[in-house]
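Chemist: One structure, pasted below without further comment.
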Amino acid sequence: MSKIDLKTEYKSLYSAPVKDFALVEVPSLQYLMFDGQGDPNTVADYPQAIEALYSLSYTLKFMSKRAFDRDYVVGPLEGLWWAKDMTSFAARQKDKWSWTMMILQPDWIEKPHLCAALSEVVMKKGLPGLEKVRLERLEEGLCAQILHIGPFDDEGPTLERLHTEWLPAHGLIETGKHHEIYLSDARKVAPDKLRTILRQPVRPMNTAG
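For the numbering used here, count along the sequence shown from 1 and bump the result up by 19.
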C-alpha cells in the first residue's frame, strides 16, 4: 500500500520564502474544521478543537486504509483568524480574535466517513467538542504567503508589512481570512524555531470583491 503526503502533493502551498512574500494559486481544498472565539491560550474551546481534529483525522486515516486501501500522512494543523478590527492582530489583542482550526483531508474522504469516524471516536474517547467538527471545502484562490520563523507573537511586524507596504506596492488588497499553517509542533519545538506559513488571500485592487 502506497502512502501519499498531501504536503508533497501541494508542495507550493506548504513551502514559502522567508525574506519576502510570494504569490500562490490555492485550489479548492477540504478540511476538518472547528470554529471558536477568543484567546487560544485561555479559552477551553481551543485545546478541545486540537484534540478533536487530530483524533478524527487519525481515525479517518485508518478508516481509509481499511476501506479504500489508501494511506496518507495526516496534515499539519492550520488556522483561519479574523476580527472585526483587523488591527487587533498586529496589536496581539487575542481576546478579540475569532478562529477556525483545520486539518487538510484528501478528496476521497466524504461526510459519511466523518459521521462514521465521529461515532468511533465518541465510543472510544468521548471527547468534548466533537460535535463542532465539520468537513468543508475552502476556496482561497490567489494568496500571498511567507514563512515566519520564531514565536507566534513576533508575527505582528510581518503582517503589518504585508498589509501596509507589500500589498499596496503590488496593487493588491486582502479578500479573505488570515491563514496560518503550523509546520512545527509548538508542544515539541522551541518558540524561536517554530515554522509557520502566513497566508493571506488577495485580489487586484481594480477588481470587484
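Glycine included, C-beta positions come from ideal geometry on N, C-alpha and C.
#1: Would you kindly check if the distance between the Cβ of A102 and the Cβ of V152 is under 7 angstroms?
#2: Out of curiosity, what's the CA-to-CA distance linking R218 and I128?
#3: Do three or more CB pairs link the region 117-127 to the region 46-54 at distances below 8 angstroms?
#4: Am I right that L181 and F40 are in contact with their C-beta atoms under 8 angstroms? What's the rounded C-beta distance?
#5: In terms of alpha-carbon separation, which member of H189, G57, D172, T119 lies closest to H197?
#6: Looking at the secondary structure, which residues open and close the alpha helix (DSSP H) in which S47 lies?
#7: Quick one: what's got a C-beta closer than 7 angstroms to A35's C-beta in the same chain, skipping five residues either side?
#8: Comparing alpha-carbon positions, which option in V141, D64, M20 lies nearest R85?
#9: In this structure, what does DSSP give as the bridge partners for Q56?
#10: What does the alpha-carbon distance come out to for the pair D173 and A209?
#11: Between the C-alpha atoms of L79 and C134, what's the straight-line distance to the nearest angstrom?
#12: Report the rounded CA-to-CA distance for A110 versus E179, giving the unit in angstroms.
#13: According to DSSP, which residues form a beta bridge with Y201?
#14: Just to confirm my understanding: we take V43, look at its own chain, exclude 5 residues before and 5 after, and list those with CB closer than 7 angstroms. What are they?
#15: Which same chain residues, not among the five before or five after V37, have their C-beta less than 6 angstroms away from its C-beta?
#16: Buried or exposed for G229, going by 16 or more other Cβ atoms inside 10 Å?
#17: Can you list, in chain order, the stretches of the alpha helix (DSSP H) that have 4 or more residues and sit fully within the region 122-179?
#18: Can you tell me the Cα-Cα spacing of W116 and A68, whole angstroms?
#19: Using only CA atoms, which one of D58, F87, G55, A136 lies nearest to Y77?
#20: Just to confirm before moving on: does the CB-CB distance between E159 and P220 stay below 7 angstroms?
#21: Excluding the 5 residues preceding and the 5 following T61 in the sequence, name in chain order all residues of the same chain whose CB lies nearer than 6 angstroms to its CB.
Modeler: The structure says:
#1: Position 133 of the sequence shown, counted from the start, is the residue given in the question as residue 152. Position 83 of the sequence shown, counted from the start, is the residue given in the question as residue 102. No, the pair does not count as a contact, with Cβ atoms beyond the cut-off.
#2: Here residue 218 corresponds to residue number 199 of the sequence shown, with the count starting at 1. Here residue 128 corresponds to residue number 109 of the sequence shown, with the count starting at 1. Near 25 angstroms, if we compare the C-alpha coordinates of I128 and R218.
#3: yes
#4: Within the sequence shown, the letter at position 162 stands for residue 181. Within the sequence shown, the letter at position 21 stands for residue 40. Sure, about 6 angstroms apart at Cβ, within 8 angstroms.
#5: Along the sequence shown, read from residue 1 onward, the residue named residue 197 stands at position 178. Selected option, being the one with the closest Cα: T119.
#6: Here residue 47 refers to the residue found at position 28 when the sequence shown is read from its first residue. Here S47 belongs to no alpha helix (DSSP H), and DSSP marks it neither H nor E.
#7: Sequence index remark: in the sequence shown, residue 35 carries index 16 (1-based). Here the set comprises A41, Q164, I165, L166, I216.
#8: Taking the sequence shown and counting its residues from 1, one reaches residue 85 at position 66. Taking only the C-alpha atoms, the option nearest R85 is M20.
#9: Taking the first residue of the sequence shown as position 1, residue 56 is located at position 37. Bridge partners of Q56: S117.
#10: As a first step, residue 173 must be located in the sequence shown, where it is residue number 154. As a first step, residue 209 must be located in the sequence shown, where it is residue number 190. The alpha-carbon atoms of D173 and A209 are separated by roughly 14 angstroms.
#11: Taking the first residue of the sequence shown as 1, we reach residue 79 at position 60. Taking the first residue of the sequence shown as 1, we reach residue 134 at position 115. Each residue's Cα considered, the two are about 10 angstroms apart.
#12: As a first step, residue 110 is located in the sequence shown; it is residue number 91 there, counting from the start. As a first step, residue 179 is located in the sequence shown; it is residue number 160 there, counting from the start. Distance between the alpha carbons of A110 and E179: 10 angstroms.
#13: As a position in the sequence shown, residue 201 is number 182, starting the count at 1. Answer is T215, bridged to Y201.
#14: Position 24 of the sequence shown, counting from 1, holds the residue named residue 43. Cβ neighbours of V43 beyond the five flanking positions: S31, L32, C162, Q164.
#15: Counting from one through the sequence shown, the residue named residue 37 turns up at place 18. These residues qualify, in order along the chain: L166.
#16: Here the chain comprises residues numbered 20 to 228, so residue 229 is not present and cannot be evaluated.
#17: 130-143
#18: Working through the sequence shown from its first residue, we reach residue 116 at position 97. Working through the sequence shown from its first residue, we reach residue 68 at position 49. One C-alpha to the other measures close to 15 angstroms.
#19: Numbered from its first residue, the sequence shown carries residue 77 at position 58. Comparing Cα positions, the closest option is A136.
#20: Within the sequence shown, the letter at position 140 stands for residue 159. Within the sequence shown, the letter at position 201 stands for residue 220. Yes; because the gap between Cβ atoms is below 7 angstroms, this pair is in contact.
#21: Walking along the sequence shown from the start, residue 61 turns up at place 42. The answer is none, since no qualifying residue turns up.
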